[in-house]
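J.:
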Amino acid sequence: MGGPAITGQAAIESPWLDDFLLYCRREQVPVDFVSLHLYPERYPDPEKDRELMDSFIKSDISYEKKNQMLAGIPRIYNGPDYTRQTLQTARAKIEKAWGSLPEICITEWNASAYNRNLVHDTVFVAAFIIHNVVQCIGLADMMAYWTFTDINEEVPLGNAPFHGSFGLVNKDGVKKASYFAYYFLSKLGDQILEKGEGYIITKNQSGIQILLYNFAYYDPFFMTGDTSALTETDRYRVFEDKPAYEATIMLAGLQGAYKITRYRLNRSHGSAFDKWVEMGAPQDMSAEEINYLKNHSFPEMQVKEVVLTGEHKEQTTLPVHGVELILLQRKI
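In UniProt numbering, the protein residues as written are 1 to 332.
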């Protein structure tokens, strides 16, 4: 049993979390976990937002009309490390109130809480996911991405194949770049050797795993609510300028035969949205077009076999929003 499943803004800027913690302690409620919904955005005027939501509940306005009204409200985005910072603050509040920490579960989380935010379909979200998961290791027991698919009972589907909904997979079953962020994370080992800005290195019984990412966040204009640079087919002008990431990894103590598998995820490889734009951004896609998109939206993959005698160096260059996974698997 747990809760209260409130937003990060409510947990930090209002007494919601404090009241919940106080009540549970006073009434001796056995709480197994504390849950939060973390989205790195907020409305500039929470009171007006609350009034608008109340009017939705009490009226018969159609969903599409409500969506248009919500789209007209500017969203203010928090900084790139909001998820980690909010978790740290919430954990401190919980530990101070209870003297110990239950499980901390993020039961909703994404780059935006708006189901028509066009950045959701871009390769940016892949780097966003990995950046935040790596930063939050040890801070949360669970981080549940909202949602797996664009097909969602809460909101009607958009008409376009990539209409900015939450999913890792679009309505036609095409895997977005964000899907492959989790695909890469699933290949990491259970022992962390080192992690830092833009990388994490792990190991398991089969070998070494190196995950690199070039994370670039929203630019100041988009962060303050200006969406004028965001269009259906041009969605990358709302991010900060950032150079390519030149990475050099030195490994020692590796002996024997290894298979090295390299996966590259970027705008050119593994981003279904960018491939869709390259196709001509077809709106009413045929089965053939959908299959073509599925078959051409996988990260680049390279495999080689080497014999190592101690040190091994990996060098690579990641474009902005790029992600790269390097697996060194020892051969028996």
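Ideal Cβ positions, reconstructed from N, Cα and C, are used throughout, including at glycine.
Of all the options V119, L101 and I130, which has the alpha carbon lying nearest to the alpha carbon of T83?
T.: Closest by alpha carbon: I130.
J.: Please classify M250: is it buried, with 16 or more other beta-carbons within 10 angstroms of its beta-carbon, or exposed?
T.: It counts as exposed.
J.: Hey, quick one: how far does the beta strand (DSSP E) through C105 stretch, first residue to last?
T.: E103 to W109 is the extent of the beta strand (DSSP E) around C105.
J.: Is DSSP giving S35 helix, strand or coil here?
T.: It is a strand residue.
J.: Please classify A216: does DSSP put it in a helix, a strand, or coil?
T.: A216 falls in the coil class under three-state DSSP.
J.: Mapping the DSSP letters down to three states, classify Q191 as helix, strand or coil.
T.: In the structure shown, Q191 sits in a strand (DSSP, three-state: E or B).
J.: Consult DSSP for N78 and reduce its assignment to one of helix, strand or coil.
T.: Coil, per DSSP.
J.: From the DSSP output, which residues share a beta bridge with M250?
T.: Note: M250 sits in a beta bridge opposite K313.
J.: Is the beta carbon of V307 closer than 8 Å to that of K259?
T.: No, Cβ-Cβ distance for K259 and V307 is not below 8 Å.
J.: Over the uninterrupted beta strand (DSSP E) stretch that includes V323, give me the two end residues.
T.: Unbroken beta strand (DSSP E) run through V323: V323 to R330.
J.: Run the CB neighbour count on M143, radius 10 Å, all protein chains shown included, and call it buried at 16 or more, exposed below.
T.: Counting Cβ neighbours within 10 Å, M143 comes out buried, since at least 16 surround it.
J.: Fully enclosed by the segment 238-291, which beta strand (DSSP E) runs are 3 residues long or longer?
T.: Runs found: 245-265.
J.: Excluding the 5 residues flanking M285 on each side, which residues of the same chain have their C-beta closer than 8 Å to its C-beta?
T.: Cβ within range, chain order: P161, D172 and L293.
J.: Near G256, which residues of its chain fall below 8 Å by C-beta distance, leaving aside the five closest residues on each side in sequence?
T.: So the list reads V307, L308, R330 and K331, once near-sequence residues are dropped.
J.: If the criterion is Cβ atoms closer than 8 Å, does the pair G207 and L327 meet it?
T.: In this structure, L327 lies closer than 8 Å to G207 by Cβ.
J.: In terms of residue numbering, what span does the alpha helix (DSSP H) encompassing N204 cover?
T.: It is not in any alpha helix (DSSP H) - N204 instead sits in the beta strand (DSSP E) that spans Y199 to N204.
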